[in-house]
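Numbering of the sequence shown is given in my numbering, commencing with residue 7 and proceeding in unit increments. Virtual Cβ for every residue (Gly too), placed ideally from N, Cα, C. One structure is given below, encoded as structure tokens.
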Amino acid sequence: MRGSEANSGGRLPIDALHVDRQSGVPIQRQIYLALRDFILRGVLDQGTRLPATRELAKDLAISRNTAVRVYEQLSSEGYVETRQGSRTYVADLPSSTKANHKLGPEASAADLSPFAMAFDIDERIDFAPGAAALRPSTPDTGVFPFKTWNRLLGGHLLYRNVELLNYNFPYGYPPLQEAISKYVQAYRGVRCEPDQVLVTNGAQSGLDLLARVLLDKGDVVWMEEPGYVNARLVFGAAGADLRAWKVCEAGWDFADLPVGKPRVIYTTPSSQHPLGLTMGAEQRLRLLETASQHEAWVIEDDYDSEYRLAGRSVPAMQGNDAFGRTIYVGTFAKTMFPAIRIGFVVLPPLIAQRVKRAALYSGNQVSLPMQATLKDFIVNGHFARHLHRTRRLYAERRSIFTELVASRLGAWLQPYQSDVGIQIAYRLTRPMNDVAIARRANQQGLNVVPLSRYYSGPPVPGLLMGYAALDEKAMRSCLAILASVIETSEEIH
Ligand SMILES: Cc1ncc(COP(=O)(O)O)c(C=O)c1O
Numbered sequence: 007m008r009g010s011e012a013n014s015g016g017r018l019p020i021d022a023l024h025v026d027r028q029s030g031v032p033i034q035r036q037i038y039l040a041l042r043d044f045i046l047r048g049v050l051d052q053g054t055r056l057p058a059t060r061e062l063a064k065d066l067a068i069s070r071n072t073a074v075r076v077y078e079q080l081s082s083e084g085y086v087e088t089r090q091g092s093r094t095y096v097a098d099l100p101s102s103t104k105a106n107h108k109l110g111p112e113a114s115a116a117d118l119s120p121f122a123m124a125f126d127i128d129e130r131i132d133f134a135p136g137a138a139a140l141r142p143s144t145p146d147t148g149v150f151p152f153k154t155w156n157r158l159l160g161g162h163l164l165y166r167n168v169e170l171l172n173y174n175f176p177y178g179y180p181p182l183q184e185a186i187s188k189y190v191q192a193y194r195g196v197r198c199e200p201d202q203v204l205v206t207n208g209a210q211s212g213l214d215l216l217a218r219v220l221l222d223k224g225d226v227v228w229m230e231e232p233g234y235v236n237a238r239l240v241f242g243a244a245g246a247d248l249r250a251w252k253v254c255e256a257g258w259d260f261a262d263l264p265v266g267k268p269r270v271i272y273t274t275p276s277s278q279h280p281l282g283l284t285m286g287a288e289q290r291l292r293l294l295e296t297a298s299q300h301e302a303w304v305i306e307d308d309y310d311s312e313y314r315l316a317g318r319s320v321p322a323m324q325g326n327d328a329f330g331r332t333i334y335v336g337t338f339a340k341t342m343f344p345a346i347r348i349g350f351v352v353l354p355p356l357i358a359q360r361v362k363r364a365a366l367y368s369g370n371q372v373s374l375p376m377q378a379t380l381k382d383f384i385v386n387g388h389f390a391r392h393l394h395r396t397r398r399l400y401a402e403r404r405s406i407f408t409e410l411v412a413s414r415l416g417a418w419l420q421p422y423q424s425d426v427g428i429q430i431a432y433r434l435t436r437p438m439n440d441v442a443i444a445r446r447a448n449q450q451g452l453n454v455v456p457l458s459r460y461y462s463g464p465p466v467p468g469l470l471m472g473y474a475a476l477d478e479k480a481m482r483s484c485l486a487i488l489a490s491v492i493e494t495s496e497e498i499h
């Protein structure tokens, strides 16, 4: 009876079983095929109890004999089994049977739009299960005050505030818009009124929306190289002509700006993704001027600069933009936990109304009880406290991590100089294939990412590693594994 208890909540979705009496396909076969498909696709888990034949017959308005014959056929082919007298349960199928069914042939451009085809399936990264294990972009969810969070969320759900349970506030829960606007003004130097804030399903959904509302096919986008892959993908999918704007250890290359008049410039000036560099004040002004000359929009992705762990805080570029061309993108994925899926965009007044309308119709709305909870969390001071604690914790961990890497792997890995963020980029000091190293590390359960993944052109090989979610013991054991992977990897000659 393995699995039957665990799956006792699973039920046959009877409404999804359509019997078409005009189709010419025998009814028994239609039901058999539909049930087999549910089982193979995992809609019905192993151990799910199917309705009695009498019940199935009644629900589908078919004869009981037909229902019996369907179950007999499924049973003779091993999809279901009969136990405890006459009860029928979904059988335990070999996973290869299910996988083969799930992965049909790959769709081609004939089947899908260029938008869909732009999202290439990336074979190079195969994250091992579990978040820690050096995975970049990963905060320590273990230190998040979930008791407080749950109390606040429970309050909203119990109280059943009708406002929060209906189709309301499509651009964001107004008290949250206000809390975010105060937060970014105070902490990030952003200039902003609450109704410029659009609450999104994470920063990613904001980036996708911006790509679609700002770009026509063929528009030039300057994109940092190396740069944030998920941004590059959505700009590409919106039809952008992507031009690489080089970033290296010395910073953003202003001497060799990309050619072509940009419509959008995407940048992560306070914590360059993935290198962790910070753009200086003078360069920021130059960038804003360049954008204004070209009448380009600047997308400032400020995803993790709350974690500036040494030195003075560097305010967002948006606050210095006298031209009103900067769109600020923020997220709570790093400061709280990634699965919260709440981010936001601060829109320039000129485009705010239109972009918000577009967000509404593209279905970009965040659960209102979650937004209300986040608002409470911020205004009651929990957010600031959590930030303060995690800043100290990550600063400690960062220095332990960099020391451990230097002592254990210093011969192979050189860090990019950075004081910000919850991950660290390392350059390989020897001619080695970072993709091969990362793949072998991934097989050993380490979620390091090859730096070359962030380049569209010739890469600088290296590794991007997250440290924030690991205590010293976990760091030591991850780095011991990584050392053995690197030591036994071949140099390229
Ligand atoms: C550069 C950059 N922007 C944005 C995000 C955050 O995205 P989201 O809020 O969708 O999790 C990340 C996350 O890793 C990131 O690295």
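- Minimum Cα-Cα distance from asparagine 370 among the listed residues Leu281, Ile305, Ala328 and Leu213 corresponds to Leu213.
- Residue range 440-449 is occupied by the alpha helix (DSSP H) that includes aspartate 440.
- Close CB contacts of threonine 296 within its chain, under the 6 Å cut and outside five residues either way in sequence, are absent.
- When the five nearest sequence neighbours on each side are left out, the beta carbons in the same chain lying within less than 6 Å of the beta carbon of proline 354 are those of Gly330, in order along the chain.
- A Cβ-Cβ distance of about 7 Å is found for the pair threonine 54 and tyrosine 95, placing them in contact under the 8 Å criterion.
- One thing to note: tryptophan 251 has its Cβ no nearer than 7 Å to the Cβ of methionine 285.
- Look at the stretch 334-409 and you find these whole runs of alpha helix (DSSP H), each 4 residues long or longer: 355-367 and 374-385.
- Taking isoleucine 492 as reference, the option from Arg403, Arg249, Ile443 and Ala138 with the minimal CA-CA separation is Ile443.
- Only buried fits threonine 379, as 16 or more other CB atoms lie within 10 angstroms of its CB.
- In this structure the stretch 360-368 touches the stretch 170-188; the number of beta carbon pairs closer than 8 Å is three or more.
- A distance criterion of 6 Å places the beta-carbon of histidine 279 in contact range of ligand 1, judged by its closest non-hydrogen atom.
- Around ligand 1, the residues whose beta-carbon falls short of 5 Å from at least one of its heavy atoms are Ser143, Gly208, Ala209, Gln210, Tyr234, His279, Asp307, Tyr309, Thr337, Ala339 and Gly349, given in chain order.
- Remark: C-beta atoms of leucine 158 and aspartate 477 do not approach each other more closely than 7 Å.
- Threonine 206 and asparagine 167 have their alpha carbons spaced roughly 22 Å apart.
- By the beta-carbon neighbour count (other beta carbons within 10 angstroms, threshold 16), lysine 153 is exposed.
- In this structure leucine 221 is not in contact with alanine 124, their Cβ atoms being roughly 12 Å apart against a cut-off of 8 Å.
- Within its own chain, the residues whose Cβ lies closer than 7 Å to the Cβ of alanine 139, once the five positions on either side in sequence are excluded, are Gly451, Leu452, Asn453 and Cys484, listed in chain order.
- Positions of the alpha helix (DSSP H) runs, each at least 4 residues long and wholly inside the stretch 185-237, are given as 208-220 in order along the chain.
- C-alpha of arginine 445 to C-alpha of leucine 457: approximately 12 Å in a straight line.
- At the C-beta level, valine 426 and serine 211 stay beyond 7 Å of one another.
- Around the beta carbon of leucine 488, 16 or more other beta carbons lie within 10 angstroms, which makes this residue buried.
- Counting along the chain, no alpha helix (DSSP H) covers methionine 471; the unbroken beta strand (DSSP E) around it starts and ends at 468-472.
- Under the three-state reduction of DSSP output, arginine 75 falls in the helix class.
- Beta-bridge partners of threonine 273 (DSSP): Glu306.
- Remark: C-beta atoms of alanine 322 and valine 196 approach each other more closely than 7 Å.
- Pairing leucine 399 with methionine 481 gives a Cβ-Cβ distance that is not under 7 Å.
- In terms of Cα proximity to threonine 273, the closest of Thr332, Gly325, Arg314 and Asp262 is Thr332.
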